[in-house]
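Reading through the structure tokens given below for one structure.
Residue numbers (our numbering), protein chains in the order written: chain A, 310 to 1056; chain B, 581 to 806.
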């Protein structure tokens, strides 16, 4: 078609009354631009700022370099002497790649495909926050009206915005990751000292470090890694009990490859040796503890010879190490989550309890070179800042049976491993009552035992909201998917908790959101507002400002002081305890009152090698992994694109396995995983080990999907009945993540 | 103000280019009612006239896009289909990955990530042209829709100021040349060929093809200018 110039001009000037004759298509305002350049922050293109890392709870101070508007480099902040100690780890210095991941969640999304499952395309469409909040509020309110507030389940954390939302809704069902993480030592410390778990270990001043599976050096958690190596430089003796040669074991003076799940026997025998030989710290024990007589009488049965038979550790070593531990001061037992005293074996609670007793016997609690509770600045609490009266929670029973474990309920910690059973029962049979909707915040299904069971449960919900950074597995099952803010985008302040040997506040001075992400506390406020519960909203920013004001600082102060405020001083021992006796109780009155064994007592683990499943399963994490969260980082994934089955050469020869070949691994969950084999003397011949953080199946994670396997598939979850059957000795209802045996054959 | 009717051929050509850029910018924005109204009679005519003035003839493809929209009797249904496909292509895709991330750095950088050197490059050109990102534009500066709109703006500004502010016109022209040759033409074809190849919806496939042709034209034009 030919067009004359005149025709075109006619079109071009159509509708234009004035002198400017442009086609109407050019009339509209610009969408992407403002006529005046908007500069949200000074030096937005090239700047350097201090920022508290948010990858793990070490919360190391970092220095972030922005060039051309993009974070190019993250390194240490030398001013932080409690977290990174002037170093940054591989996870922290890689963190910017998630910010700029093109697959990241950017706007609220809505599912258009009603079918849910691992292989269902959710059919996302972008929606506005207004629509997202509106839909969530409508679904929540309908569920409350029809089935009561207990029909809403929150898979979040027990942090403040989460519990605000929970209490405003009035549901007892809030759950999180603590039963696979730290609930066991938390409860043991509470039972023995009246105070929940201390997070600080003064490793650098210790002369003797005794680890029962503790391996923070291997997890590159710098707040523990740095003082561990400082202690080594200072000449501390390090002894590590671990069925696998961990990083801590590799750096130790002695690695003792103990049989998995038998650390309790060794600790009990050590307590016996130390008390019977009278080499405990008499002054400390007299002043700050009670119940030594009862403990002494009780542990007489636990001889080193008895423990040797159970644990494969020679009796002479148990005696020698007990003597060294009691007489080399200061001596300390660092513990942290996934070690033997974490929630990994059915007897882990008693191990944690025994570790508290052993620490107290050598005067290692609240003493230089020992264990401390965090020293935090005194600031106003949320309830002081924004007092509010919540509606009465009518339904106290939880779908996961937690209400049957009163000791955990009193610590306000949730539970997960029963959740799938509870949720399925509630959805399918309305037992104990119907559950219809749920909200999950940064909650990876892969981090829990038998994830397929959880997936089945989540798929059956009427409505699921997921909040996350990347479209992971849980997100695949969402009806509404909300984008969370990445910590590098955030602005704010963090009060240190881990390794807070003195009070410290670190700044976040991030780059601002790239798309329409909202922080979790804003999301909670948005949901409350839309639900007609605006009275429960909190001015979180205001709270933070008020807390900084209580300390006498501000964001500007932090900006001009290398991003860190601290009240640096060596901790003065605080030896007051919140037990009825106000002392550390070897014989716990809290446990006695609750109907539990009040003294650390031997119990066996659950799973033992059988003909079908002859190997103990050990789980570890790579230093560049954080739960399953960092799998979509192309560079971190390149370090090791798959997890391995680590197996001893003798066992490998017996099974005909070759280095680089593949093995099939099975357990009583009925799942079979195909894993590449790595033959190594770093595991006992009766154990196999593998790394967590692999096996992603979300098809929206371009780098992580299909890499390796998730060992959680081999870990059985437990029914409420199974938990109740070990209740008498495990009041922490732990998930027993490592209490499993597997079968291995050549693929 | 100058009366456009008295000016020469180059200006009309400029207007035509501005129209095509603006049309495509809207097509690569999140689909809404405004996108549907682009295909009403007046506007589609404006686009077609401009298109032909540039010496291109792809009426068939435009009518495919229009027809596709009309086939859905309910505008709401068409919109939902477009929303799903737009989200899949450019925001969050199942399976495997966002099909065609609409950001220059994904194609020009070596990391395939959002926000690279090219993002800063283009954002600095926006600043040089006196523009900042709109507060309501919650996206990264090198989003394809922003870049196409920017090109349209630069050309339209030159038309506006031609004859009155020679310096300003020259400045805009220089930014335009830099922007097209050193930035947009370098990555838009890579991006558009992904859309043309992988879109499951005719609408985006033909729009991508049109855009490819136009960018080819622009590349050639820009080269002759140098």
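No residue lacks a Cβ here, since even glycine has one placed at the ideal position from N, Cα and C. None of these values were measured; they are calculated from a predicted model.
Is there at least one Cβ from chain A nearer than 8 Å to residue 693 of chain B's Cβ?
Against the second chain, residue 693 of chain B aligns to sequence position 113. Yes, residue 693 of chain B lies at the interface with chain A (some Cβ there is under 8 Å from its Cβ).
Can you tell which of A/932, A/1041 and A/1055 has its C-alpha closest to the C-alpha of residue 987 of chain A?
Taking the first residue of the first chain as 1, we reach residue 987 of chain A at position 678. Ranking A/932, A/1041 and A/1055 by Cα distance to residue 987 of chain A puts A/1055 first.
N- and C-terminal bounds of the beta strand (DSSP E) containing residue 520 of chain A:
Reading the first chain from its first residue, position 211 is the one you call residue 520 of chain A. 517 to 521 is the span of the beta strand (DSSP E), which, as asked, contains residue 520 of chain A.
Could you work out which residues of chain B lie near residue 793 of chain A, taking near to mean beta carbons separated by less than 7 Å?
Indexing the first chain from 1 puts residue 793 of chain A at position 484. Listed along the chain, the chain B residues whose CB falls inside 7 Å of the CB of residue 793 of chain A amount to none; the nearest CB is some 14 Å away.
Using a Cβ-Cβ cut-off of less than 9 Å, give me the residues of the stretch 609 to 636 of chain B that come near chain A, in sequence order.
For the stretch 609 to 636 of chain B, which is checked against every Cβ of chain A, the residues closer than 9 Å are 609, 610, 614, 618, 622, 623, 625, 626, 627, 628, 629, 630, 632 and 633.
Chain A contacts made by the stretch 747 to 775 of chain B, where a contact means CB separation under 9 Å
Flagged: no residues at all.
Consult DSSP for residue 269 of chain A and reduce its assignment to one of helix, strand or coil.
Because chain A here runs from 310 to 1056, residue 269 of chain A falls outside it and cannot be looked at.
First and last residue of the alpha helix (DSSP H) that includes residue 697 of chain A?
As a working note, residue 697 of chain A is residue 388 in the first chain. For residue 697 of chain A, no alpha helix (DSSP H) run applies, since DSSP gives it neither H nor E.
Go ahead and label residue 962 of chain A buried or exposed: buried means 16 or more other beta carbons lie within 10 angstroms of its beta carbon, across all protein chains shown.
Looking up residue 962 of chain A in the first chain gives position 653. So residue 962 of chain A counts as exposed.
Buried or exposed for residue 693 of chain A, going by 16 or more other Cβ atoms inside 10 Å?
Numbered from its first residue, the first chain carries residue 693 of chain A at position 384. Under this definition residue 693 of chain A is an exposed residue.
Buried or exposed: where does residue 522 of chain A fall if 16 or more other Cβ atoms within 10 Å of its Cβ makes it buried?
One-based indexing of the first chain puts residue 522 of chain A at position 213. The residue in question, residue 522 of chain A, is buried, as its Cβ has 16 or more Cβ neighbours within 10 Å.
Would you mind stating whether residue 944 of chain A and residue 389 of chain A have Cβ atoms separated by less than 8 Å?
Residue numbering aside, residue 944 of chain A sits at position 635 when the first chain is read from its first letter. Residue numbering aside, residue 389 of chain A sits at position 80 when the first chain is read from its first letter. Between residue 944 of chain A and residue 389 of chain A, the C-beta spacing is not below 8 Å.
What did DSSP end up calling residue 579 of chain A once you bin it into helix, strand or coil?
Indexing the first chain from 1 puts residue 579 of chain A at position 270. If DSSP states are grouped into helix, strand and coil, residue 579 of chain A belongs with the helices.
Can you name the residues that DSSP bridges to residue 419 of chain A?
Counting from one through the first chain, the residue named residue 419 of chain A turns up at place 110. A/434 and A/789.
Beta-carbon separation of residue 755 of chain A and residue 1005 of chain A under 8 Å?
Translated into positions along the first chain, residue 755 of chain A becomes position 446. Translated into positions along the first chain, residue 1005 of chain A becomes position 696. Yes, these two residues count as a Cβ contact at 8 Å.
So if I threshold CB-CB distances at 8 Å, which residues from the stretch 652 to 681 of chain B count as touching chain A?
The stretch 652 to 681 of chain B vs chain A, Cβ under 8 Å: 660, 663, 664, 666, 667, 668, 671, 672, 673, 674, 675, 676, 677, 678 and 681.
Is residue 606 of chain A buried or exposed, if buried means 16 or more other CB atoms sit within 10 Å of its CB?
Sequence index remark: in the first chain, residue 606 of chain A carries index 297 (1-based). Classification of residue 606 of chain A: exposed, given that the 10 Å Cβ count is below 16.
Give the secondary structure of residue 1021 of chain A by DSSP, where H, G and I count as helix, E and B as strand, and everything else as coil.
As a working mapping, residue 1021 of chain A is identified with position 712 in the first chain. In the displayed model, residue 1021 of chain A falls within a helix according to three-state DSSP.
Output yes if chain A places a C-beta closer than 8 Å to the C-beta of residue 602 of chain B; else output no.
In the second chain, the residue the question calls residue 602 of chain B occupies position 22. Using a CB distance cut-off of 8 Å, residue 602 of chain B counts as an interface residue toward chain A.
Can you tell me where the alpha helix (DSSP H) with residue 817 of chain A in it begins and where it stops?
Taking the first residue of the first chain as position 1, residue 817 of chain A is located at position 508. Looking at the DSSP string, residue 817 of chain A is not in any alpha helix (DSSP H); the run it does join, the beta strand (DSSP E), is 813 to 818.
On the CB-based measure, 16 or more other CB atoms within 10 Å of its CB, does residue 570 of chain A come out buried or exposed?
On the first chain, residue 570 of chain A is found 261 positions in, with the first residue counted as 1. Classification of residue 570 of chain A: buried, given that the 10 Å Cβ count is 16 or more.
Applying the criterion that 16 or more other CB atoms from any shown protein chain within 10 Å of the CB defines a buried residue, is residue 658 of chain B buried or exposed?
In the second chain, the residue the question calls residue 658 of chain B occupies position 78. Around the CB of residue 658 of chain B, 16 or more other CB atoms lie within 10 Å, so the residue is classed as buried.
The beta strand (DSSP E) that contains residue 382 of chain A, what's its start and end?
As a position in the first chain, residue 382 of chain A is number 73, starting the count at 1. Judged by DSSP secondary structure, residue 382 of chain A falls within the beta strand (DSSP E) whose first and last residues are 379 to 385.
Given 8 Å, three or more beta-carbon pairs between the stretch 507 to 520 of chain A and the stretch 544 to 557 of chain A
Contact between the stretch 507 to 520 of chain A and the stretch 544 to 557 of chain A is present: three or more C-beta pairs spanning the two stretches fall below 8 Å.
For a contact meaning CB atoms closer than 8 Å, what does residue 404 of chain A contact in chain B?
What you label residue 404 of chain A is simply residue 95 of the first chain in a count that begins at 1. Result: empty, since nearest Cβ-Cβ is about 13 Å, beyond 8 Å.
Kindly give me the distance between the Cβ atoms of residue 599 of chain B and residue 626 of chain B, rounded to whole angstroms, as I take these residues to be in contact under 8 Å.
Along the second chain, read from residue 1 onward, the residue named residue 599 of chain B stands at position 19. Along the second chain, read from residue 1 onward, the residue named residue 626 of chain B stands at position 46. That pair is a contact at about 6 Å.
Could you check where the beta strand (DSSP E) with residue 984 of chain A kicks off and where it finishes?
Start at 1 with the first residue of the first chain, and residue 984 of chain A comes out as number 675. Going by DSSP, residue 984 of chain A is part of the beta strand (DSSP E) stretching over 981 to 988.
Considering only the beta carbon of each residue, do residue 1048 of chain A and residue 784 of chain A sit closer than 8 Å?
On the first chain, position 739 is the one that residue 1048 of chain A refers to. On the first chain, position 475 is the one that residue 784 of chain A refers to. Not a contact, by the Cβ cut-off of 8 Å.
Length at least 3, wholly inside the stretch 818 to 905 of chain A: the beta strand (DSSP E) runs in chain order
Within the stretch 818 to 905 of chain A, the complete beta strand (DSSP E) runs of at least 3 residues are 873 to 875.
Near residue 748 of chain B, what residues of its chain come up, given a Cβ to Cβ distance below 7 Å and the 5 sequence neighbours on each side ignored?
Looking up residue 748 of chain B in the second chain gives position 168. The beta carbon of residue 748 of chain B lies closer than 7 Å to those of 741 in the same chain, with the five residues before and after it left out.
Which chain A residues are close to residue 782 of chain B, counting only those with a beta carbon under 8 Å from its beta carbon?
On the second chain, position 202 is the one that residue 782 of chain B refers to. Within chain A, no residue comes near residue 782 of chain B; the closest Cβ sits about 18 Å away, beyond 8 Å.
What is the DSSP secondary structure of residue 1008 of chain A, reduced to helix, strand or coil?
As a working mapping, residue 1008 of chain A is identified with position 699 in the first chain. Correct three-state label for residue 1008 of chain A: coil.
Please determine, among B/730, B/697, B/636 and B/698, the residue with the shortest C-alpha to C-alpha distance to residue 712 of chain B.
Numbered from its first residue, the second chain carries residue 712 of chain B at position 132. The closest CA to that of residue 712 of chain B, considering only B/730, B/697, B/636 and B/698, is found on B/730.
Checking the sheet assignment: what are the DSSP bridge partners for residue 370 of chain A?
Locating residue 370 of chain A in the first chain gives position 61, where the first residue counts as 1. Looking at the DSSP assignment, residue 370 of chain A forms a beta bridge with A/361.
Taking Cβ positions only, does residue 741 of chain B come closer than 8 Å to chain A?
The residue given as residue 741 of chain B occupies position 161 in the second chain. Not an interface residue.
Do you know how far the Cα of residue 1022 of chain A is from the Cα of residue 529 of chain A?
Stepping through the first chain from its first residue, residue 529 of chain A is reached at position 220. Stepping through the first chain from its first residue, residue 1022 of chain A is reached at position 713. The alpha-carbon of residue 529 of chain A is positioned some 26 Å away from that of residue 1022 of chain A.
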